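A.B. asks: Following our numbering, the numbering of the sequence shown begins with 542 at its first residue and continues without gaps.
Questions regarding the structure given below will be posed in turn.
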Amino acid sequence: MSLFGRIFLLNALVLVVAAALLVFSPVTVSTPALLGEIVVVGAGLVAMLVANALLIRVGLAPLDRLTRAMTTIDLLKPGPRLTAKGHGEIAELITTFNAMIDRLEAERGFSSARALSAQEAERKRIAQELHDEVGQSLTVVLLELKRVADQSPRHMREELRQVQETTRSTLDEIRRIARRLRPGVLEELGLVSALKALTAEITTGLAVTRRFAKDLPELDAETELVVYRVAQEGLTNTVRHAAASTVDLSLQGHPDGVELRIKDDGRGIGDAQEGAGIRGMRERALLVGAELAITAPPRGTEVRLVVPSR
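Here it is, written out as structure tokens:
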């Protein structure tokens, strides 16, 4: 029976009983009312209110759970669905809500996949242009500077050498940016080599410990790219925000596939809101059905990604 039907039936039952008592029993109400009559009417009223309150409280309890779920749900953190407890419209409402969340997660996953695919394509294009256009132009500039320096008077050569060094440093920085935009080593040498190259680029004095298990399960190209991007974002956050002195990066086998773990000894995340970087990590993890957890141990921050093997 629906919630409306149960409330209506209870109220009708109480009113019918009250009417029957007035019609078929010697119960009457005097004018002015006597104390005993007031007690009887008051007791009946209290009984009716208590019965209504209990019924409404029990009937609306599933709605309280639904309200809490609505205020706390995050499409980037999938969780168990609500159990469709209750009667009539209540159970139907919870079932509809679960179906809506399933649909929203599927649509968000599809949209995120398209957005990240376009992002990777754009990164690849920019990296290619940096390498082919800007990189080659700076290489030509370096050669011209060397030719001019060799033919210049002695007092100008030192200044030209400094310009050469500045140009060479700029060229190295552009190549580094291109490698971060498009990890060619990931395509050519695999995930472990790409992670080693990623940690080798850290030049801020941060002590990096690397641990890679042997005989890791084989991952497809899309999953390897997700692991690499999560590691890249995690290390970038450590370098920029953690004020850490050490960071440990490990890639180990897991009963469900492969586990990536990044742990530093920095200041931790505290109560800070998740930024675009972390939300991007969560979106990438959802694309390949991986589990991402970002926790704050007694000291520092730990990023843990478990990806299923194919």
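Here a beta-carbon is modelled for each residue, glycine too, at the ideal position from N, C-alpha and C.
Since the structure is predicted, the reported quantities are computational estimates derived from the model, not experimental observations.
(1) Per DSSP, V557 is paired with what?
(2) Skipping 5 residues on each side, what residues in its chain have a beta carbon closer than 8 Å to that of Y769?
(3) Output the residue ranges of the beta strand (DSSP E) runs that lie fully inside the region 758–830 and measure 3 residues or longer, sorted by chain position.
(4) Give the straight-line distance between the Cα atoms of S491 and R688, rounded to the nearest whole angstrom.
(5) So, using beta-carbon positions, are G809 and A837 closer together than 7 Å?
(6) Between V799 and L757, which are expected to be in contact by the criterion C-beta below 8 Å, what is the C-beta distance as a whole number of angstroms?
(7) Do D797 and P849 come within 7 Å of each other at the CB atom, strictly closer than that value?
(8) Can you tell me whether E729 is helix, strand or coil according to DSSP?
(9) If you count every other CB in all the chains shown that lies within 10 Å of the CB of H696, and 16 or more means buried, which is it?
(10) Determine the closest residue to A594 out of L551, V581 and A690, with distance taken between C-alpha atoms.
(11) What's the gap between the Cα of P573 and the Cα of V581?
(12) Suppose contacts are defined by Cβ-Cβ distances below 7 Å. Is R823 in contact with L833 by that definition?
(13) Quick one: Cα of A784 to Cα of E765, how far?
(14) Given that a residue counts as buried once 16 or more other Cβ atoms are within 10 Å of its Cβ, and exposed if not, what is A719?
(15) By alpha-carbon positions, which one of R709, T707 and L686 ends up nearest to R698?
(16) Suppose you measure from the CA of E774 to the CA of R752; what does that come to, to the nearest Å?
(17) So is R655 buried or exposed if we call it buried at 16+ other beta carbons inside 10 Å?
(18) Can the beta-carbon of K804 be found less than 7 Å from the beta-carbon of E763?
(19) Mark V591 as exposed unless 16 or more other C-beta atoms lie within 10 angstroms of its C-beta, in which case mark it buried.
(20) Rounded C-beta distance between V767 and A817? I'm assuming under 8 Å.
(21) Using DSSP's beta-bridge definition, name the partner residues of R752.
(22) Helix, strand or coil: which one does DSSP assign to A837?
(23) Taking the alpha carbon of G650 as the point to measure from, which residue in L684, R664 and D615 has its own alpha carbon closest?
(24) With DSSP collapsed to three states, give me the class of P603.
C.D. replies: This is what the structure gives:
(1) DSSP output for V557 lists no bridge partner at all.
(2) The residues are P724, L727, L732, A735, L736 and L739.
(3) Entirely contained in the region 758–830, the beta strand (DSSP E) runs reaching 3 residues are, in chain order, 787–795 and 798–805.
(4) The displayed coordinates of the chain run from 542 to 851. Any statement about residue 491 would go beyond what the structure contains.
(5) Their beta carbons are under 7 Å apart, which means G809 touches A837 by this criterion.
(6) That pair is a contact at about 6 Å.
(7) Against a cut-off of 7 Å, the Cβ pair of D797 and P849 comes out as a contact.
(8) Residue state for E729 is assigned as helix, using DSSP reduced to three classes.
(9) When all chains shown are included, H696 counts as exposed.
(10) The candidate whose alpha carbon is nearest that of A594 is L551.
(11) If I take the Cα positions, the gap works out to 15 Å.
(12) In this structure, the beta-carbon distance from R823 to L833 falls below 7 Å.
(13) In this model, A784 and E765 are separated by some 28 Å (Cα to Cα).
(14) Around the beta carbon of A719, a 10 Å sphere encloses 16 or more other beta carbons of the protein chains shown; the residue is thus reported as buried.
(15) Taking only the C-alpha atoms, the option nearest R698 is L686.
(16) In a straight line, the C-alpha of E774 is about 18 Å away from that of R752.
(17) R655 should be labelled exposed.
(18) Contact check for K804 against E763 fails: the beta carbons are separated by 7 Å or more.
(19) Counting other Cβ atoms within 10 Å of its Cβ, V591 stays below 16 and is therefore classed as exposed.
(20) Contact flag wrong, Cβ pair sits at about 17 Å.
(21) For R752, which the question treats as bridged, DSSP gives the partners S791.
(22) Collapsing the DSSP output to three states places A837 in coil.
(23) Of L684, R664 and D615, the smallest CA-CA separation from G650 is found for D615.
(24) DSSP places P603 in helix when its eight states are reduced to three.
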